[in-house]
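Numbering-wise (full-length UniProt numbering), the sequence shown opens with residue 1 and increments by one. Scroll down for the structure; my scribbles are underneath it.
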Amino acid sequence: MVTLNHLSVEDPDDGAPLLPVAAETSTLTTVCHKQQNILKTESREFFLSRKENLATSLILLIGFYLAILIPAYFPLNNVSSDSDDYQYPKDLALLNRSALLLLRPCQPHWGLDHLKSLSCSKGLLDIPVFVQQDKPKAWNLTPPLGLQGSEEHLALALAAMPQPGLPPSLCKEDKCRRCVVVGNGGILHGSHLGSHIDQYDVIIRMNNAPVPGFERDAGSRTTIRLMYPEAAPHSADEYKKTSMIALVAFKSLDLDWLTSIITKQPLSFWSKMWFWREVVDDIPLKPESFKILHPDIIHKTGQVIQRYAQKQGNMVPTLGASAVVMALQMCDHVSLAGFGYDMQHPEARLHYYEAIRMGAMKAQVVHDVSAEKLFLRDLVASGAVTDLTGAL
Numbered sequence: 001m002v003t004l005n006h007l008s009v010e011d012p013d014d015g016a017p018l019l020p021v022a023a024e025t026s027t028l029t030t031v032c033h034k035q036q037n038i039l040k041t042e043s044r045e046f047f048l049s050r051k052e053n054l055a056t057s058l059i060l061l062i063g064f065y066l067a068i069l070i071p072a073y074f075p076l077n078n079v080s081s082d083s084d085d086y087q088y089p090k091d092l093a094l095l096n097r098s099a100l101l102l103l104r105p106c107q108p109h110w111g112l113d114h115l116k117s118l119s120c121s122k123g124l125l126d127i128p129v130f131v132q133q134d135k136p137k138a139w140n141l142t143p144p145l146g147l148q149g150s151e152e153h154l155a156l157a158l159a160a161m162p163q164p165g166l167p168p169s170l171c172k173e174d175k176c177r178r179c180v181v182v183g184n185g186g187i188l189h190g191s192h193l194g195s196h197i198d199q200y201d202v203i204i205r206m207n208n209a210p211v212p213g214f215e216r217d218a219g220s221r222t223t224i225r226l227m228y229p230e231a232a233p234h235s236a237d238e239y240k241k242t243s244m245i246a247l248v249a250f251k252s253l254d255l256d257w258l259t260s261i262i263t264k265q266p267l268s269f270w271s272k273m274w275f276w277r278e279v280v281d282d283i284p285l286k287p288e289s290f291k292i293l294h295p296d297i298i299h300k301t302g303q304v305i306q307r308y309a310q311k312q313g314n315m316v317p318t319l320g321a322s323a324v325v326m327a328l329q330m331c332d333h334v335s336l337a338g339f340g341y342d343m344q345h346p347e348a349r350l351h352y353y354e355a356i357r358m359g360a361m362k363a364q365v366v367h368d369v370s371a372e373k374l375f376l377r378d379l380v381a382s383g384a385v386t387d388l389t390g391a392l
């Protein structure tokens, strides 16, 4: 039955209106919206959770790689004396012996007189220390054992040097002279020998061994620094208390580098490409402060050490051993500090200024450190030199 007044239609089967009530439609719509919102919220939380997990994973991964790469590319080499974990000398007996040695009167020709007791002494007497312009020589060996093939480069370097030879202050006839050769060995770390080292007339160092920050163990000044271009200190502070630089020429380009340093005319970019390591363009010292180590020092030192070696051939000694032979030519008393590689303890410190361990020395094949140690031991046993740190 249809009632026109109410405009309603009834279903004869269930009595319910054929068209849904508006309120019920609104309720269903609200439920659907809530369900959609819940799904969106859950999806957002799911993706946010994944983003957070991804970010956390990336942070952990980066941290892991940094923990590996930072020590490799930026090693904590320098061990500042201000942060050392020791307060007292490692060996008071050695320190006291060093003090007593300085109290003894200087005796002329002490080192050479005792050197003559060794069978190898003949090859170590009367060796020129620095190359001189007024004493030309026909070189028959190439650098570093000679200067054959580098004559033109040598001439230019000598022409730029006001005083290429041994300065009057280092002539043996001038006075009785005490010298100390400061090696780079880790045995020097913790020795507290710095104040003793500074009392010597001549202090010899090698390559880029640092002084600032290590004065307590290594002293504060330098008379002669033996080095080649790639090992020249980059910090200007290293040259503040330095009297002389003595170049050890391993190639012709090393002499060109020295000329550029003296004349303040940097090498070309192409020339610098031939160095195996970046070299400095400037050293804040006067031209008269630069010398060239005579190759005979290297050559004859190598010849003597060859007698202690198991292999035959031209021996290239370390600058440390060469510096000892150089010191014997111009000093009456020669002392050593920081010498001796303890190959029996690979975990021991290799150098006094960095954390590299002794085991790294086994990787090098240029020098025969075992033969050098035997040679230096003989020098100490003969009385020609004194070992301040006791590692020989």
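Where is the CB? At the ideal position from N, CA and C, for every residue including glycine.
Between the CA atoms of K175 and Y353 - distance to the nearest angstrom: C-alpha of Y353 to C-alpha of K175: approximately 34 Å in a straight line.
For L388, name the three-state secondary structure that DSSP assigns. L388: coil per DSSP, three-state reduction.
With respect to the beta strand (DSSP E) encompassing L335, which residues constitute its N-terminal and C-terminal limits? Just to set this straight, residue 335 is Ser in the shown sequence, not Leu. Per DSSP, S335 belongs to the beta strand (DSSP E) from 333 to 337.
So, C179 versus V202, is the Cβ gap smaller than 8 Å? Cβ atoms of C179 and V202: closer than 8 Å.
On the DSSP letters alone, give me the boundaries of the alpha helix (DSSP H) that T301 sits inside. 295 to 306
Would you check if the distance between the CB atom of H234 and the CB atom of V280 is smaller than 8 Å? The criterion of a C-beta distance shorter than 8 Å is satisfied by H234 and V280.
For V380, three-class secondary structure by DSSP: helix
Compute the Euclidean distance between the alpha carbons of D282 and T263, then round it to the nearest angstrom. 10 Å
Hey, would you say I187 sits closer than 8 Å to G219, going by beta carbons? no
Buried/exposed call for G313, threshold 16 Cβ in 10 Å: exposed
Validate contact between the region 294 to 301 and the region 129 to 146 using beta carbons, cut 8 Å, 3 pairs: yes
What does DSSP give as the partner residues of I356 in its beta bridges? Beta-bridge pairing links I356 to no other residue.
Taking the CB atoms as reference points, tell me whether A160 and P266 lie closer together than 8 Å. no
T242 and L285 look like a contact to me (Cβ under 8 Å); what is the Cβ gap, rounded to whole Å? 7 Å
DSSP puts A246 in a beta bridge; with which residues? L226, K291
Residues of its chain near L170, where Cβ-Cβ distance is below 6 Å and the 5 sequence neighbours each way are ignored: M330
Could you please give me the residues that DSSP links to V181 through a beta bridge? I204, L336
Should the region 250 to 260 be called in touch with the region 141 to 161, which here means at least 3 C-beta pairs below 8 Å? yes
What are the residues that DSSP puts in a beta bridge with A130? Ala is not the amino acid found at residue 130; the sequence shown has Phe there. Paired residues: L293.
Residues near E230 in its chain [Cβ-Cβ closer than 7 Å; skip 5 each side]: The residues are F275, W276, R277, V279.
Going by beta-carbon coordinates alone, are A327 and V334 separated by less than 8 Å? yes
Reduced DSSP secondary structure (H/G/I, E/B, other) of L103: DSSP places L103 within a helical segment (H, G or I) once states are collapsed to three.
Helix or strand or just coil, what does DSSP make of M315? coil
DSSP state of D85, grouped into three classes? Legend: pLDDT at D85 = 46, less than 50; position of this residue unreliable, value from coordinates given subsequently. In the structure shown, D85 sits in coil (DSSP, three-state: anything other than H, G, I, E or B).
Over the uninterrupted alpha helix (DSSP H) stretch that includes F269, give me the two end residues. 269 to 272
Whole-angstrom distance between I59 and S322, CA atom to CA atom: 52 Å
For the alpha helix (DSSP H) containing H153, name the first residue and the last one. From DSSP, the alpha helix (DSSP H) with H153 extends over 151 to 160.
Among A371, Q303, L376, which has the Cα closest to the Cα of F339? L376
Give me the Cα-Cα distance between residue 451 and Q148, rounded to the nearest whole angstrom. Summary: the structure shown does not reach residue 451, with the chain confined to residues 1 through 392, and so no result is reported for it.
Grouping DSSP H, G and I as helix and E and B as strand, with all else coil, what is G186? helix
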